[in-house]
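Participant: Below you'll find the structure I mean.
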Amino acid sequence: MTTDDLAELLARARVLLLDFDGPICSLFARHSAPSVADRLRGILEQHGVKIPTDLREVRDPLAVLRFSDGTAAQYPVEEAQVAAEVLAAATAEPTPGAAEVIAKASRTGRLLAVVSNNSAAAVDSYLDRMNLAGAFSAVVGRPAREPRWMKPHPQAVLSALRALDVGPEGALMVGDAATDVLAAHSAGVPVVGYASRLNKYEALAEADVIVTSMVAIANAL
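The C-terminal residue of the sequence shown carries number 316 in the working numbering, and the numbering is unbroken.
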């Protein structure tokens, strides 16, 4: 990736689609996501759902939520996940450079949207707390009662494009996970991979460009 590659992608983008947990903030900075995953597994067990071996050590609560889809525990698992996300949003820590990206995108006439696998309630809570809500034209969170439509399914990206009345060629996704890359590319949208840690490079290998900080995006806007 070169600075020119990033600048070229940004020059074509009238809309920036930002993933939430990662590019905008560290949602569980002061809470334990693995503890939430444990809690969700407990709910599954309470409802008589057999947990497969490969899910017993998973640290990501969204993976447990995804597994719950269609089970007797789906709704209580989702309710617990939303509650945990909203609680975490109250102490989530801003990602360095994110505020600058948001401010510069707005100043240069670009529209902004959040496209997240987290609940819209958690996203809205954080944006309100940080006085950022007015900068975003759309917030597309996890579809209620439909965890199967979370990224990597492209539905959230397509919903954001419709809300902002822009085609995929005029948008750019910024995400820190393979699910972001897959969802955006399935919708025809190019992706900037945000690799905040070295171990994220492999997951983001299919991104159009990769940056190691949000500051790099702000500087290129």
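By construction, the Cβ of each residue, glycine as well, lies at the ideal position given by its N, Cα and C atoms.
Would the beta-carbon of Leu253 fall within 8 Å of that of Ala273?
Facilitator: In this structure, Ala273 does not lie closer than 8 Å to Leu253 by Cβ.
Participant: Just the Cα atoms here: how many angstroms apart are Asp116 and Ser211?
Facilitator: Approximately 8 Å between the Cα atoms of the pair.
Participant: Met268 bridges to which residues according to DSSP?
Facilitator: Looking at the DSSP assignment, Met268 forms a beta bridge with Leu112, Val286.
Participant: Can you check whether the CB of Val235 is closer than 8 Å to the CB of Ala251?
Facilitator: Yes, the Cβ-Cβ distance between Ala251 and Val235 is below 8 Å.
Participant: Between Ala108 and Gly270, which are expected to be in contact by the criterion C-beta below 8 Å, what is the C-beta distance as a whole number of angstroms?
Facilitator: At roughly 14 Å, the Cβ-Cβ gap does not stay under 8 Å, so Ala108 and Gly270 are not in contact.
Participant: Residues bridged to Leu207 by DSSP?
Facilitator: DSSP lists Leu111 as partners of Leu207.
Participant: State buried or exposed for Gln141, treating a residue as buried only when at least 16 other CB atoms are found within 10 Å of its CB.
Facilitator: Exposed.
Participant: Would Ala200 pass as a contact of Leu111 if the rule is Cβ separation under 8 Å?
Facilitator: Contact flag set, yes.
Participant: Excluding five sequence neighbours on each side, which residues of the same chain lie with their C-beta closer than 7 Å to the C-beta of Ser121?
Facilitator: Once the five neighbours on either side are set aside, the close Cβ partners of Ser121 are Ala187, Glu188, Thr190.
Participant: Is the number of C-beta pairs between the stretch 236-247 and the stretch 118-137 that are closer than 8 Å three or more?
Facilitator: No, the stretch 236-247 is not in contact with the stretch 118-137.
Participant: Name the two residues that bound the continuous alpha helix (DSSP H) containing Ala184.
Facilitator: Run containing Ala184: 169-184, per the alpha helix (DSSP H) assignment.
Participant: Here's the rule: buried if 16 or more other CB atoms are within 10 angstroms of the residue's CB, otherwise exposed. What is Asn213?
Facilitator: Classification of Asn213: buried, given that the 10 Å Cβ count is 16 or more.
Participant: May I ask you to verify whether the stretch 300-309 touches the stretch 146-158, counting CB pairs closer than 8 Å and requiring at least 3?
Facilitator: Contact fails: fewer than three Cβ-Cβ distances are below 8 Å.
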